[in-house]
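Take the sequence shown: its letter number 155 is residue 155 in the UniProt record's numbering, and every next letter is one higher. This report concerns only the one structure given below.
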Amino acid sequence: MDLGLDGDTVVVTASSAGLGRASAAALADEGANVVVCGRDPERLAATESELGDLDGDVLGVETDITSKGDVEALVEAAVEEFGGVDHVVTSAGGVPPGGFADLTEQEWYGAFDMLVMSAVWTVRAARPHLEASDAGTITCITSTSVREVIDDLILSNAVRRGVIGLVKSLSRELAPSVRVNAVLPGAHETSRIEELVEAAVERGDHDTYEEGLNSWSDGIPLGRVGDPRELGDVVAFLASDRASFVTGACVPVDGGRLRSA
């Protein structure tokens, strides 16, 4: 299926690794010009180089998404390089794990900046360009924790729900010129899960990496964790005109683990 994204320009935050990177790869594979960002210059350069082998042009911009100035500069760089912005995909790194008694007030503020304000700043900076585009979309990558809490991840459980409120509100405020949706990823084989599995093997919790990875599939009807590109393909679809009547949606990509309807 040709998604019709060839030549469009997409800004993808927190995209030098993980689900953000997978989304950027899916979009570049469809011929979109993709602006990727991250804090680690070496990892960002590697991502820019690897994605540069796909059909779309790729620009890497070193960015701390918890800095409003950095986010504004990211969008400016996209406009300067490609002449505008047609789509925004907001992603963010993980926030500290723990229960209510484990976390400091500063960690709560940090999680809010990382998960919510980074999306707010990106949308604010990109909004005039999205509204000027014939194909403006915003897709926010969040987590299944917005529907079903995950033990010992109270920051994700509580703060990510603010992104969903933002998505639903913007889907009404920016209609009909800009469509706004969210994807809710479950367990995918990202570098974060790889690290956790390897640590579990070193502790002796599992004999092999494969055994440890399979443990993450418990409760997933499809019987496995996701490939990050499977999430990226959903993001690319939502940005495309093939999803032209989809806005305000929160789409789980979790192999069916969520029990809520």
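We put the beta carbon where it would ideally sit given N, CA and C, even for glycine.
| Check | Outcome |
| --- | --- |
| If I follow the unbroken beta strand (DSSP E) through residue 248, where does it start and stop? | Segment: none, residue 248 is in no beta strand (DSSP E) and carries neither H nor E. |
| Per DSSP, which one or two residues make a beta bridge with residue 138? | 88 and 180 |
| Let me check one thing: in DSSP terms, what residues is residue 123 bridge-paired to? | Note: residue 123 sits in no beta bridge, so no partner. |
| On the DSSP bridge assignment, give the partners of residue 262 in chain order. | There is simply no residue 262 to check, as the chain begins at 1 and stops at 261 in what is shown. |
| Return yes when the Cβ of residue 258 is within less than 9 angstroms of the Cβ of residue 107, no when it is not. | no |
| Could you name the residues of the same chain whose beta carbon sits closer than 6 angstroms to that of residue 238, not counting the 5 residues immediately before and after it, in chain order? | 139 and 181 |
| Is residue 186 near residue 253, with beta carbons less than 9 angstroms apart? | yes |
| Cα separation between residue 31 and residue 85? | 15 angstroms |
| Looking only at C-alpha atoms, which of 176, 128, 231 and 255 sits nearest to residue 20? | 231 |
| Have a look at 2, 242, 25 and 152 and flag the residue whose alpha-carbon is nearest the alpha-carbon of residue 102. | 152 |
| Which residues in the same chain have their Cβ closer than 7 angstroms to the Cβ of residue 45, if we skip the five residues on either side of it in sequence? | 60 |
| How would you write the range of the alpha helix (DSSP H) that residue 69 sits in, first residue to last? | 68-82 |
| Would you kindly report the start and end of the unbroken alpha helix (DSSP H) that includes residue 146? | Looking at the DSSP string, residue 146 is not in any alpha helix (DSSP H), and its letter there is neither H nor E. |
| Please report the distance separating the alpha-carbon of residue 53 from that of residue 169. | 37 angstroms |
| I think residue 78 touches residue 183, with their Cβ atoms under 8 angstroms apart; what is that distance to the nearest whole Å? | About 21 angstroms; that fails the 8 angstroms criterion. |
| Over what stretch of residues does the beta strand (DSSP E) that includes residue 9 continue unbroken? | 9-12 |
| For the alpha helix (DSSP H) holding residue 300, just list the boundary residues, first then last. | Since the displayed the chain opens at 1 and closes at 261, residue 300 lies outside it and no answer follows. |
| Tell me which residues share the same chain as residue 256 and place their Cβ nearer than 7 angstroms to its Cβ, disregarding the 5 neighbours each side in the sequence. | 220, 221 and 222 |
| Need the endpoints of the alpha helix (DSSP H) that residue 235 sits in, please. | 228-239 |
| Please list, in chain order, all residues of the same chain as residue 126 whose beta carbon is under 7 angstroms from its beta carbon, the five residues on each side excluded. | 11, 75, 85 and 88 |
| Going by the C-beta, is residue 105 closer than 8 angstroms to any heavy atom of the ligand MN? | By its list of ligands, the structure shown contains no ligand whatsoever, and the ligand MN lies outside what it can speak to. |
| Just mark residue 56 as buried or exposed, buried being the case when its beta carbon has 16 or more other beta carbons within 10 Å. | buried |
| For the alpha helix (DSSP H) containing residue 18, name the first residue and the last one. | 18-29 |
| Is it buried or exposed, residue 113, if we count other Cβ atoms within 10 angstroms and call 16 or more buried? | buried |
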